[in-house]
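K.L.:
Those sequence lines, one after another, are chains A and B.
Each residue of the first sequence is one higher than the one before, starting from 1 at the first, in my numbering.
Each residue of the second sequence is one higher than the one before, starting from 288 at the first, in my numbering.
What follows is a structure written as structure tokens; I'll ask about it next.
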Amino acid sequence: MKQTKKKKRGQWRDVFRRLCANRVALVSLILLCLILLAIVFSEQVAPYVYNQRDLDATFTFPSLSHPFGTDNLGRDILSRVLVGGRVSLLVAVLSVALSAVVGSLLGAAAGYFGGRCEFIILKCTDIMMAIPAFLLAVTVSAALGTGLLNTALAVGLTNIPRFVRLMRAETLSVKGNEYLEAARACGASEVRIILKHVFPNALSSTIVNVTLGIGTAILQISGLSFVGLGVRPPTPEWGSMLASGRTYMRDFWPMVTFPGVAIVVTLILFNLVGDGLRDAMDPKLKR
Amino acid sequence: MEPLLELKDLSVKYFTSDGTVEAVNGISLQVDRGETLGLVGETGAGKTTAALSILRLLPDPPGKIVGGDIRFQGESLLEKTEKEMRAIRGGQISMIFQDPMTALNPVIRVGEQIAEVILLHDKISKAEAERRALEMLELVGIPAERGSEYPHQFSGGMKQRVVIAIALACSPALLLADEPTTALDVTIQAQVLELINQLQEKLHTATILITHDLGVVAETCSKVAVMYAGEIMESGSLADLFDRAAHPYTVGLFQSIPSLEEDVDLLRPIPGLMPDPTALPQGCKFHPRCPYADERCRTVQPPVEELSPGHLVKCLRFCGGAEQAQEE
Chain A
1 MKQTKKKKRG QWRDVFRRLC ANRVALVSLI LLCLILLAIV FSEQVAPYVY NQRDLDATFT
61 FPSLSHPFGT DNLGRDILSR VLVGGRVSLL VAVLSVALSA VVGSLLGAAA GYFGGRCEFI
121 ILKCTDIMMA IPAFLLAVTV SAALGTGLLN TALAVGLTNI PRFVRLMRAE TLSVKGNEYL
181 EAARACGASE VRIILKHVFP NALSSTIVNV TLGIGTAILQ ISGLSFVGLG VRPPTPEWGS
241 MLASGRTYMR DFWPMVTFPG VAIVVTLILF NLVGDGLRDA MDPKLKR
Chain B
288 MEPLLELKDL SVKYFTSDGT VEAVNGISLQ VDRGETLGLV GETGAGKTTA ALSILRLLPD
348 PPGKIVGGDI RFQGESLLEK TEKEMRAIRG GQISMIFQDP MTALNPVIRV GEQIAEVILL
408 HDKISKAEAE RRALEMLELV GIPAERGSEY PHQFSGGMKQ RVVIAIALAC SPALLLADEP
468 TTALDVTIQA QVLELINQLQ EKLHTATILI THDLGVVAET CSKVAVMYAG EIMESGSLAD
528 LFDRAAHPYT VGLFQSIPSL EEDVDLLRPI PGLMPDPTAL PQGCKFHPRC PYADERCRTV
588 QPPVEELSPG HLVKCLRFCG GAEQAQEE
């Protein structure tokens, strides 16, 4: 630290340095990166082609040749989990990114400007929240049609209200601070104040909400796939794999367990990294 | 020469659901280049409102400038567009806020916060702005290395220095200091005031120092204006007010300061409280608390009377009867 003082350090480098100091977050980040790499290069990593059937070897329990076993059509579960992660995570991340960006901007605007702007934004989110989330997702994706992007759009739209509410509340608590007034007295424009002074101070709970939101999104996507509106088979996807394995759950556990474990582990890692990121972004916690 | 800043009959009202708050009622002020004006008054006298309206930063709604004019370098600030105002804020007029603890953004490094103002007003590269920010830090007596630290790593006095550095980073012509030392303890107060004075001389900045501390005024200002219930009751040079205080309110303020020489058990406060700004009294605003008040004070608005050049008083006792005042 003393040595590097002379050097200019970017804010994000600082955050990263603090993140690395947090052992749990660092380990989670590394594991998450490994998982993401495995999923991105799943075609190369997977031991089998994900939709290659082997009707002579259906329902085999985990063995050396099939570490996760095979499913009802004799497809290698490990390969399917790897390839399925692509769709699940891609759609989940896309949809959360959509809802977080749109929701936070709307929420910040509502909290910051108040008045009629706030009224309109909040009433719209209220209306959206009054409709059950899944019903809304079903409606949207039924209207848009199936497919990766449309599913992301449907799930993303339904999650916007959560982010609006959260960001608005955080913005309200930041709004009273004198440094906003000081920034205005320095000649900063409203947009600049929101982006540079309100956002960074109101972001921490949104970050945690993003990591939680990825979990919710994966489940919602699987729900959509389950009713046939999400990603169409044979494209594997964690949620639809769970759904199809459900039928055989009592006699053959690997089909539900491994996609389930994949979801749980990925979620926990996302959450731990998100927690660490939130702490790392708060300079006051720096020791 | 025309004054740097001139307030002409400025009136500000807050329109709230509980009634209209008459925060500033027709104040007129002049500040010349390089000069320090002390704006003194009790809490709620309208000092901060006056300062905020100069920057056009009144919370609107409910605040509104309802009358008068603010002229800065010969131009009316009330006619400027929002964009022009942004160029003035922080560039030509800047403001120091009361509480340094909350006036800095906790998640941005202080060096960067200073650089931000410079970047907003001068067309220079980011690296250049950061270099100048560190120079400003040195100027207010903070080692440049600390520019990469966050506000919570600074003490209150240091934070106020940073705030001053931000305010003066673009060498403004006018500095509005809104009780810059109220949140600091006495030794730090003295340091900060001295710093403001030094920098002011170095950068030729005029200052309006808002305070309720007459001691601070005596130390730093060349002109003083005393505010009460949104009006300027008396204004003049430092000597005019400290040696020849005329208005009963000013006199009362001085009397309520404990003397070092005498051994007193009780302070001599001005009896009563500030009037409710939603229902100001008729006539002279000070008459309910004034020991000299008579029937006329209850009904007649006192006009501004010039006792000697530059020494203005708003009190009926001096109206057309300066001799009478001299006797007392």
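Positions of the beta carbon are idealized from the N, C-alpha and C atoms, including for glycine.
Mind checking the stretch 184 to 203 of chain A against chain B and listing, in chain order, the residues whose C-beta falls within less than 7 Å of any C-beta there?
P.N.:
Within the stretch 184 to 203 of chain A, the qualifying residues are Arg184, Ala185, Cys186, Gly187, Ala188, Ser189, His197, Pro200 and Asn201.
K.L.:
For B:Glu521 and B:Val600, which I take to be in contact (beta-carbon distance under 8 Å), what is that distance rounded to the nearest angstrom?
P.N.:
Residue mapping note: residue 521 of chain B aligns to position 234 of the second sequence, counting from 1. Residue mapping note: residue 600 of chain B aligns to position 313 of the second sequence, counting from 1. The Cβ separation is near 5 Å, so the contact holds.
K.L.:
What residues are listed by DSSP as bridge partners for B:Tyr515?
P.N.:
Reading the second sequence from its first residue, position 228 is the one you call residue 515 of chain B. DSSP lists B:Glu518 as partners of B:Tyr515.
K.L.:
In chain order, what residues of the same chain have a beta carbon less than 6 Å from the beta carbon of A:Gly85, not counting five sequence neighbours either side?
P.N.:
Taking the first sequence and counting its residues from 1, one reaches residue 85 of chain A at position 85. Excluding sequence neighbours, A:Gly85 sits near Ile39.
K.L.:
Skipping 5 residues on each side, what residues in its chain have a beta carbon closer than 8 Å to that of B:Val503?
P.N.:
Here residue 503 of chain B refers to the residue found at position 216 when the second sequence is read from its first residue. These residues qualify, in order along the chain: Gly325, Thr468, Gln476, Leu480 and Leu496.
K.L.:
Under 8 Å, Cβ to Cβ, is there at least one residue of chain B near A:Tyr179?
P.N.:
In the first sequence, residue 179 of chain A corresponds to position 179, counting from 1. Chain B contact via Cβ: present.
K.L.:
Got a sec? Which residues, its chain only, sit under 6 Å from A:Ile296 by beta carbon, not counting five neighbours each side?
P.N.:
For chain A, the structure presents residues 1 to 287; residue 296 of chain A sits outside this window and is missing.
K.L.:
Specify whether the stretch 73 to 85 of chain A and the stretch 41 to 57 of chain A touch according to this definition: at least 3 beta carbon pairs, one from each stretch, less than 8 Å apart.
P.N.:
Result yes; three or more Cβ-Cβ pairs closer than 8 Å.
K.L.:
Taking its Cβ as the centre, do 16 or more other Cβ atoms sit within 10 Å of B:Ile401, making it buried, or is it exposed?
P.N.:
As a first step, residue 401 of chain B is located in the second sequence; it is residue number 114 there, counting from the start. Answer is buried; the Cβ neighbour count reaches 16.
K.L.:
Along the chain, where does the beta strand (DSSP E) that runs through B:Gln379 open and close?
P.N.:
As a first step, residue 379 of chain B is located in the second sequence; it is residue number 92 there, counting from the start. First-last for B:Gln379: undefined, no H or E at that position.
K.L.:
Any C-beta of chain A sitting closer than 8 Å to the C-beta of B:Val397?
P.N.:
Looking up residue 397 of chain B in the second sequence gives position 110. Not closer than 8 Å to any Cβ of chain A, the Cβ of B:Val397 fails to qualify, so no.
K.L.:
Compute the distance between the beta-carbons of A:Gly74 and A:Ala92, then report whether it is under 8 Å.
P.N.:
Sequence index remark: in the first sequence, residue 74 of chain A carries index 74 (1-based). Sequence index remark: in the first sequence, residue 92 of chain A carries index 92 (1-based). In this structure, A:Ala92 does not lie closer than 8 Å to A:Gly74 by Cβ.
K.L.:
Using a beta-carbon distance below 8 Å, is A:Lys123 in contact with chain B?
P.N.:
Mapped onto the first sequence, residue 123 of chain A falls at position 123. No, no contact with chain B.
K.L.:
Report the CB separation of A:Thr206 from A:Leu166 in whole angstroms; it is logged as a contact under 8 Å.
P.N.:
Within the first sequence, residue 206 of chain A is the residue found at index 206, counting from 1. Within the first sequence, residue 166 of chain A is the residue found at index 166, counting from 1. Yes, A:Thr206 and A:Leu166 are in contact; Cβ-Cβ is about 6 Å, under 8 Å.
K.L.:
Examine the Cβ distances between the stretch 335 to 353 of chain B and the stretch 288 to 306 of chain B and report whether three or more of them are shorter than 8 Å.
P.N.:
With a cut-off of 8 Å, the stretch 288 to 306 of chain B and the stretch 335 to 353 of chain B count as touching, because enough Cβ pairs lie within range.
K.L.:
For the beta strand (DSSP E) containing B:Val318, list its first residue and its last residue.
P.N.:
Numbered from 1 along the second sequence, position 31 holds the residue referred to as residue 318 of chain B. Its beta strand (DSSP E) spans residues Gly306 to Val318.
K.L.:
What residues in its chain sit with their C-beta under 8 Å from that of A:Lys2, if we drop five residues either side in the sequence?
P.N.:
In the first sequence, residue 2 of chain A corresponds to position 2, counting from 1. With a pLDDT of 39 at A:Lys2, under the threshold of 50, the predicted position of this residue should be treated as unreliable, and no value is reported.
K.L.:
Looking only at C-alpha atoms, which of A:Ala188, A:Phe199 and A:Arg192 sits nearest to A:Val174?
P.N.:
Translated into the one-based positions of the first sequence, residue 174 of chain A becomes position 174. Measuring from the Cα of A:Val174, the nearest candidate turns out to be A:Phe199.
K.L.:
Mind checking if A:Gly182 is an interface residue toward chain B, Cβ cutoff 8 Å exclusive?
P.N.:
Walking along the first sequence from the start, residue 182 of chain A turns up at place 182. One detail in the question is off: residue 182 of chain A reads as Ala in this sequence, not Gly. By this cut-off, A:Ala182 is an interface position.
K.L.:
To the nearest angstrom, how far is it from the Cα of A:Cys20 to the Cα of B:Ala512?
P.N.:
The residue labelled residue 20 of chain A in the question sits at position 20 within the first sequence. The residue labelled residue 512 of chain B in the question sits at position 225 within the second sequence. Each residue's Cα considered, the two are about 57 Å apart.
K.L.:
If you draw a straight line from the alpha carbon of B:Arg555 to that of B:Arg320, how long is it in whole angstroms?
P.N.:
As a working note, residue 555 of chain B is residue 268 in the second sequence. As a working note, residue 320 of chain B is residue 33 in the second sequence. Cα to Cα, the separation comes out at about 37 Å.
K.L.:
Based on the DSSP output, what are the partners of B:Glu366 in its beta bridges?
P.N.:
For the purposes of this step, residue 366 of chain B is taken as residue 79 along the second sequence, with counting starting at 1. According to DSSP, which records beta bridges pairwise, B:Glu366 is partnered with nothing at all.
K.L.:
In this structure, does DSSP put B:Glu615 in helix, strand or coil?
P.N.:
The residue labelled residue 615 of chain B in the question sits at position 328 within the second sequence. Since pLDDT at B:Glu615 reaches only 42, below the 50 mark, its modelled position is unreliable, and the value read off the structure follows with that caveat. Coil.
K.L.:
Would you verify that the beta carbon of B:Met382 is, or is not, closer than 8 Å to some beta carbon of chain A?
P.N.:
Reading the second sequence from its first residue, position 95 is the one you call residue 382 of chain B. Interface residue, yes.
K.L.:
Got a sec? Which residues, its chain only, sit under 6 Å from B:Tyr536 by beta carbon, not counting five neighbours each side?
P.N.:
Residue mapping note: residue 536 of chain B aligns to position 249 of the second sequence, counting from 1. The answer, listed in chain order, is Tyr515, Met520 and Phe573.
K.L.:
Among B:Arg396, B:Ile453, B:Gly443 and B:Leu364, which one has its Cα closest to the Cα of B:Arg433?
P.N.:
For the purposes of this step, residue 433 of chain B is taken as the residue at position 146 of the second sequence. B:Arg433 has its Cα closest to that of B:Arg396, out of B:Arg396, B:Ile453, B:Gly443 and B:Leu364.
K.L.:
Tell me the DSSP secondary structure of A:Val191 in three-state form.
P.N.:
Taking the first sequence and counting its residues from 1, the one referred to as residue 191 of chain A is at position 191. Three-state DSSP puts A:Val191 in a helix.
K.L.:
What does the alpha-carbon distance come out to for the pair B:Ala612 and B:Leu406?
P.N.:
As a first step, residue 612 of chain B must be located in the second sequence, where it is residue number 325. As a first step, residue 406 of chain B must be located in the second sequence, where it is residue number 119. Model confidence at B:Ala612 stands at a pLDDT of 46, short of 50, so the residue's coordinates are unreliable; what they give is reported in the following sentence. Looking at the two C-alpha atoms, the distance is approximately 55 Å.
K.L.:
When you compare the CB of A:Arg287 with every CB in chain B, is at least one pair closer than 8 Å?
P.N.:
Along the first sequence, read from residue 1 onward, the residue named residue 287 of chain A stands at position 287. Note that A:Arg287 has pLDDT 46, beneath the 50 cutoff, so the model's placement of it is unreliable and the number below is only indicative. Chain B, which has no Cβ nearer than 8 Å to the Cβ of A:Arg287, makes this no.
K.L.:
Using a Cβ cut-off of 8 Å (strictly closer), state whether B:Gln611 contacts chain A.
P.N.:
In the second sequence, counting from the first residue as 1, residue 611 of chain B sits at position 324. The predicted position of B:Gln611 is uncertain, since its pLDDT is 48 and thus under 50; no value can be drawn from it.
K.L.:
Compare the C-beta of A:Pro67 against all C-beta atoms of chain B and say whether one is closer than 8 Å.
P.N.:
By 1-based counting over the first sequence, the position of residue 67 of chain A is 67. Taking Cβ atoms only, chain B never reaches closer than 8 Å to A:Pro67, which makes this a no.
K.L.:
Please confirm if the stretch 183 to 190 of chain A is in contact with the stretch 365 to 385 of chain B, defined as three or more CB-CB distances below 8 Å between the two stretches.
P.N.:
These segments touch.
K.L.:
What residues of chain B sit near A:Asn284, judged by a beta carbon separation below 8 Å?
P.N.:
Here residue 284 of chain A corresponds to residue number 284 of the first sequence, with the count starting at 1. Correcting the residue type first, residue 284 of chain A is Lys in the shown sequence and not Asn. Going along chain B in sequence order, the residues near A:Lys284 (Cβ under 8 Å) are Pro393, Tyr437 and His439.
K.L.:
Go through its chain and collect everything with a Cβ distance to A:Phe270's Cβ below 6 Å, but skip five positions before and after it.
P.N.:
In the first sequence, counting from the first residue as 1, residue 270 of chain A sits at position 270. Closer than 6 Å at the Cβ level, and outside the excluded window around A:Phe270, lie Thr211 and Ile214.
K.L.:
Are there 16 or more other CB atoms within 10 angstroms of the CB of B:Thr323, so buried, or fewer, so exposed?
P.N.:
Position 36 of the second sequence, counting from 1, holds the residue named residue 323 of chain B. Per the 10 Å Cβ criterion, buried.
K.L.:
Mapping the DSSP letters down to three states, classify B:Gly549 as helix, strand or coil.
P.N.:
For this step, residue 549 of chain B is matched to residue 262 along the second sequence. The residue asked about is misnamed: residue 549 of chain B is Glu in this sequence, not Gly. Residue state, collapsed to three classes: coil.
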